[in-house]
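These notes are about the structure you will find just below.
In our numbering, the protein residues as written are 1100 to 1715.
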């Protein structure tokens, strides 16, 4: 047999898969007869080299090499017909094989077998002559590698037109790169990776770096080559996964370009927190979730930040936080600062970042909780603006006592007409932020049932160590001394309404000539300074001390009968206690030595009061 004729036979036989030498058939380097791996490697290494800057997940049945062979990667770009690589790779293959001399070198014959295998596995057809020669020549010349050829076939229009599912595509990768069938668990492993935002190029990269593919290329005598990771999502697969976690709250899968854009933004001056925040504050999310419940929002936070679902107890825990008056932005800040999210960001090589709290209720969650407790005694949930306004007022010019008083003295609360038992429970809720203990509840309820005023009991709560500690912890004043001189006297005689009255009634009487015009504070200042004065001065000092004690006290200017006949100007104090308006008249006690403490208009043994006006 002439050499040239024999070469033609060999080439033709390789295209059919059978070579005849001395009438003895042998199978030519076909996939099904390739020698098996001597050792099956079940896991891949986790990372590529630093130059690749990409994390390659564990690869069932494919050991990923940490060093890529070859120097410069030859990128393969296919046109609609794949003509840049092989002008005829999508042809029908009906034309005859050109009768040219087959390569004499065995490596070239192996290359032909390698290309023939790609046609059969990828396109499920025999090669056409032009396509075969084109691929053969390029691989043999070294202009492209085995990886380039595989990539060209998998990216060709003919292959794309097969419209294979992702599972089948991955199954094909096992056949093309590893010359074997992938198990269901192996296929599922790579399917999971692919569904986390990477491209198909990433999958090819992992398979092409395996020991199995390296050995396969060696058996065919072809240069393996490598696949470069060019897309951001493939270089940073962990960040790509974070992007997909965020898009899950939008109920859609992002495009590859969207993933790449977010990764680029996140890695160049951004952060993991900024990524999540931008998605959750996007118009798309706002339109989708404008009527979302707190539970739904919390579930979205778990998905966007952690990429997982949450259980019932986790949802309830965060709902409780929201019920304490803070905003949803506060919740987002807590998720952003969590150890779980920081670990996720660290795995992606990005900064976790943080969320700046701008609302006062979020900066002072303890005060917000107190405000929420105060609204609870009204039986309603406040709007965010209501909480914000009360917190601002309390931390700037107000106090914890003033905050609570604003609710207990409101018409809205007065209209509830609560029982003594409910009042005590409300005190614990609004002032202590907790439910009443049985001992404390019984003690205060008994005090109210026995005639102690609600204002007195409430003031006792303000004076408690528990309330003072709470206010100190949250950076607010527990109780403001509206009038320091009144507070100074109360510090001497005790913070008690009756003790304050007795101090004013015990003041030496003097004929102070001023009338109601100067006002309560003017008279009180004179009395605290001089320790003497007329009925206006006595009433004013008691009024200011009552206000310090938390009572809504009013100084009244009016008249009473005179001993000499007729009526003369007089002043006293009114305080509403448990729904009844009482008169407190220090001068009556001073002059008559009879009871002027907590009496009623028209009470026997008192002056007949002609009520005039309330003084300022």
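Note that the Cβ used here is the ideal one computed from N, Cα and C, for glycine as well.
Worksheet item: Would residue 1556 pass as a contact of residue 1546 if the rule is Cβ separation under 8 Å?
Response: Cβ distance < 8 Å, so residue 1556 and residue 1546 count as in contact.
Fill in: Alpha carbon of residue 1517 to alpha carbon of residue 1654, nearest angstrom
Rounded to the nearest whole angstrom, the C-alpha separation of residue 1517 and residue 1654 is 27 Å.
Fill in: Segments of 4+ residues assigned as alpha helix (DSSP H) that fall wholly inside the stretch 1361-1388
Within the stretch 1361-1388, the complete alpha helix (DSSP H) runs of at least 4 residues are 1371-1379, 1382-1388.
Practice prompt. Could you tell me whether the stretch 1536-1553 touches the stretch 1451-1461, where touching means 3 or more Cβ pairs closer than 8 Å?
Written response: Because the criterion of three Cβ pairs below 8 Å is not met, the stretch 1536-1553 and the stretch 1451-1461 do not touch.
Item to complete: Spatial neighbours of residue 1395 within its chain, please: CB distance less than 8 Å, with the 5 preceding and 5 following residues excluded, ordered by chain position.
Response: In chain order, 1388 place their CB closer than 8 Å to the CB of residue 1395, counting only its own chain and leaving out the 5 sequence neighbours on each side.
Item to complete: Starting from the C-beta of residue 1586, find all residues in its chain whose C-beta is less than 8 Å away, skip the five residues before and the five after it, and write them out in chain order.
Response: Cβ neighbours of residue 1586 beyond the five flanking positions: 1580, 1647.
Discussion item. Taking the alpha carbon of residue 1668 as the reference point, which residue from 1690, 1634, 1700 has its own alpha carbon closest?
Written reply: For residue 1668, the nearest C-alpha among the options comes from 1634.
Discussion item. I need the straight-line Cα distance from residue 1485 to residue 1417, nearest angstrom please.
Written reply: About 21 Å.
Discussion item. Does residue 1630 come out as helix, strand or coil in the three-state DSSP assignment?
Written reply: Correct three-state label for residue 1630: coil.
Fill in: C-beta contact flag for residue 1666 and residue 1682 at 8 Å
Not in contact: residue 1666 and residue 1682 (Cβ atoms no closer than 8 Å).
Worksheet item: Where do the ends of the alpha helix (DSSP H) carrying residue 1688 lie?
Response: 1685-1691 is the extent of the alpha helix (DSSP H) around residue 1688.
Worksheet item: If you check the beta carbons only, do residue 1246 and residue 1275 fall under 8 Å apart?
Response: 8 Å or more divides the Cβ of residue 1246 from the Cβ of residue 1275.
Worksheet item: beta strand (DSSP E) containing residue 1675: first to last residue?
Response: Looking at the DSSP string, the run of the beta strand (DSSP E) that includes residue 1675 is 1666-1676.
Fill in: residue 1336 - DSSP class collapsed to helix/strand/coil
DSSP, reduced to helix, strand and coil, places residue 1336 within a helical segment of the structure shown.
Fill in: Per-residue DSSP class, three states only, for residue 1654
Correct three-state label for residue 1654: strand.
Worksheet entry | Backbone CA spacing between residue 1570 and residue 1656 [nearest angstrom] | In this structure, the CA atom of residue 1570 is about 37 Å from the CA atom of residue 1656.
Discussion item. Distance check for residue 1326 and residue 1279, CA to CA, integer angstroms please.
Written reply: So the alpha carbons of these two residues sit roughly 21 Å apart.
Item to complete: Measure the C-alpha to C-alpha separation of residue 1511 and residue 1642 and round it to an integer number of angstroms.
Response: As the crow flies, the alpha-carbon of residue 1511 is around 25 Å from that of residue 1642.
Worksheet item: Taking the C-alpha atoms as reference points, what is the distance between residue 1671 and residue 1455?
Response: Straight-line Cα distance between these residues: approximately 53 Å.
Worksheet item: Between the stretch 1227-1241 and the stretch 1298-1318, do at least 3 Cβ pairs fall closer than 8 Å?
Response: No, the stretch 1227-1241 is not in contact with the stretch 1298-1318.
Fill in: Sequence-distant residues of the same chain with beta carbon closer than 6 Å to residue 1622, five excluded per side
The answer, listed in chain order, is 1635, 1636, 1639.
Worksheet item: Are the beta-carbon atoms belonging to residue 1269 and residue 1281 less than 8 Å from one another?
Response: Going by C-beta atoms, residue 1269 is nearer than 8 Å to residue 1281.
Worksheet item: To the nearest angstrom, how far is it from the Cα of residue 1400 to the Cα of residue 1649?
Response: Rounded to whole angstroms, residue 1400 to residue 1649 spans 43 Å at the Cα level.
Discussion item. Am I right that residue 1403 and residue 1444 are in contact with their C-beta atoms under 8 Å? What's the rounded C-beta distance?
Written reply: The Cβ separation is near 13 Å, so there is no contact.
Worksheet item: Which ranges does the alpha helix (DSSP H) cover as unbroken runs of at least 4 residues, wholly within the stretch 1532-1596, from first to last along the chain?
Response: Within the stretch 1532-1596, the complete alpha helix (DSSP H) runs of at least 4 residues are 1537-1548, 1553-1561, 1564-1572, 1583-1592.
Discussion item. Here's the rule I'm using: 16 or more other beta-carbon atoms within 10 Å means buried, otherwise exposed. How should residue 1448 be labelled?
Written reply: Residue 1448 comes out exposed.
Worksheet item: residue 1308 to residue 1423, Cα distance in whole Å?
Response: So the alpha carbons of these two residues sit roughly 55 Å apart.
Worksheet item: For residue 1681, which of helix, strand or coil comes out of DSSP?
Response: If DSSP states are grouped into helix, strand and coil, residue 1681 belongs with the strands.
Worksheet item: Are the Cβ atoms of residue 1331 and residue 1363 separated by less than 8 Å?
Response: In this structure, residue 1363 lies closer than 8 Å to residue 1331 by Cβ.
Practice prompt. Would you tell me roughly how many angstroms separate the C-alpha atoms of residue 1543 and residue 1378, rounded to the nearest one?
Written response: Taken atom to atom, the span from the alpha-carbon of residue 1543 to that of residue 1378 is near 52 Å.
Discussion item. Is residue 1347 a contact residue of the ligand HEM, with contact defined as CB to any heavy atom under 7 Å?
Written reply: The ligand HEM is not among the ligands present in this structure, which contains no ligands whatsoever.
Worksheet entry | Where residue 1451 falls, given that 16 or more other Cβ within 10 Å makes a residue buried | Counting the other Cβ atoms within 10 Å of the Cβ of residue 1451 gives 16 or more, which makes it buried.
Worksheet item: Below 8 Å, can you find three or more Cβ-Cβ pairs linking the stretch 1226-1236 to the stretch 1337-1357?
Response: Taking a cut-off of 8 Å on C-beta distances, the stretch 1226-1236 does not touch the stretch 1337-1357, as fewer than three cross pairs fall below it.
Discussion item. Between which residues of its own chain and residue 1600 is the CB-CB distance below 7 Å, once the five residues before and five after are set aside?
Written reply: Excluding positions up to five away in sequence, the list reads 1641, 1683, 1685, 1696.
Worksheet entry | residue 1414 versus residue 1521 - alpha carbon distance | Those two C-alpha atoms are separated by around 30 Å.
Worksheet item: Are there 16 or more other CB atoms within 10 angstroms of the CB of residue 1583, so buried, or fewer, so exposed?
Response: Exposed.
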